[in-house]
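Residue numbers (this note's numbering): 550 to 784.
Even glycine gets a Cβ: it sits at the ideal position worked out from N, Cα and C.
Working notes, beginning with the structure itself.
Below is the structure:
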């Protein structure tokens, strides 16, 4: 499913008493008992399959319904942001084990990345106004990240040397997420530069990598772990 959001439309039929929930072309049917019956009839549920086979020929759909090759930059960007969310999820689990206070922030960021994906999956060249309203991305999340960065930076000693990804499991996992974020940012900016996505999405990913770097240092400090400082190993 290309778009990060699924918008569900529910229609109640007066004649048959059948409720139809349609989501991305898939349907689930729940049958109610007929009027006047003493006991409801057993419900029949049709569960949609996880696979659709619609991408077997190398094409996939954007949220606007446009079919594009799977190697299109839009899908590359979506894949990169999905990978980023997974990397953050892993870092969040390590941070949860260490009882860090920023776990809820990481969870919020994962939700925000779903909104990033929605915007990317809605190319402006084929989007209707209703699409744009549902998948718009504002500057507010960017400003929130900046506030979080400033908060943790104030609790850290000044950075005087290059450091290597290190400082314990939470810190190292956050560094991995940070590097994945940089790659996602590079790909997403290609979509933005083509005029197909909101520039605020690129700003968000740019601030997010800074946030993850700062958080990695903070996690190492809170766990009492040393960060490995870069040293030149050859003349």
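Query	Result
With distance defined between alpha-carbon atoms, name the residue in 606, 727, 650 nearest to residue 620.	606
Provide the residue span of the alpha helix (DSSP H) that contains residue 624, from first to last.	622 to 646
Rounded to the nearest angstrom, how far is the Cβ of residue 722 from that of residue 640, given a contact under 8 Å?	4 Å
For the stretch 714 to 731 against the stretch 765 to 782, are there 3 or more C-beta pairs whose distance is under 8 Å?	yes
Quickly, what does DSSP pair residue 618 with across the bridge? List them, please.	608
Are residue 647 and residue 726 touching if we call contact CB-CB under 8 Å?	no
With a 10 Å radius around its C-beta and 16 neighbouring C-beta atoms as the bar for buried, classify residue 766 as buried or exposed.	buried
Shortest alpha-carbon distance to residue 745 belongs to which of 690, 656, 669?	669
Which residues in the same chain as residue 672 place their Cβ atom closer than 7 Å to its Cβ, once the five residues preceding and following it in sequence are excluded?	611, 613, 615, 623, 745
Please list, in chain order, all residues of the same chain as residue 632 whose beta carbon is under 8 Å from its beta carbon, the five residues on each side excluded.	729, 733
In whole angstroms, what separates the C-alpha of residue 598 from that of residue 609?	17 Å
Buried or exposed: which applies to residue 618, given that a residue is buried once 16 or more other Cβ atoms fall within 10 Å of its Cβ?	exposed
Count the CB pairs spanning the stretch 699 to 707 and the stretch 657 to 664 that are closer than 8 Å, and state whether there are at least three.	no
My guess is that residue 691 and residue 749 are in contact by the Cβ rule of under 8 Å, so how many angstroms apart are they, rounded?	6 Å
May I ask you to list the residues that DSSP assigns as paired with residue 712?	778
Got a sec? Which residues, its chain only, sit under 7 Å from residue 789 by beta carbon, not counting five neighbours each side?	With the chain running from 550 to 784 in the structure shown, residue 789 is simply not present.
Taking the beta carbon of residue 561 as the centre, do at least 16 other beta carbons fall within 10 Å, making it buried, or is it exposed?	At residue 561, the pLDDT of 31 sits below 50, so the modelled position is not reliable and the matter cannot be decided from this model.
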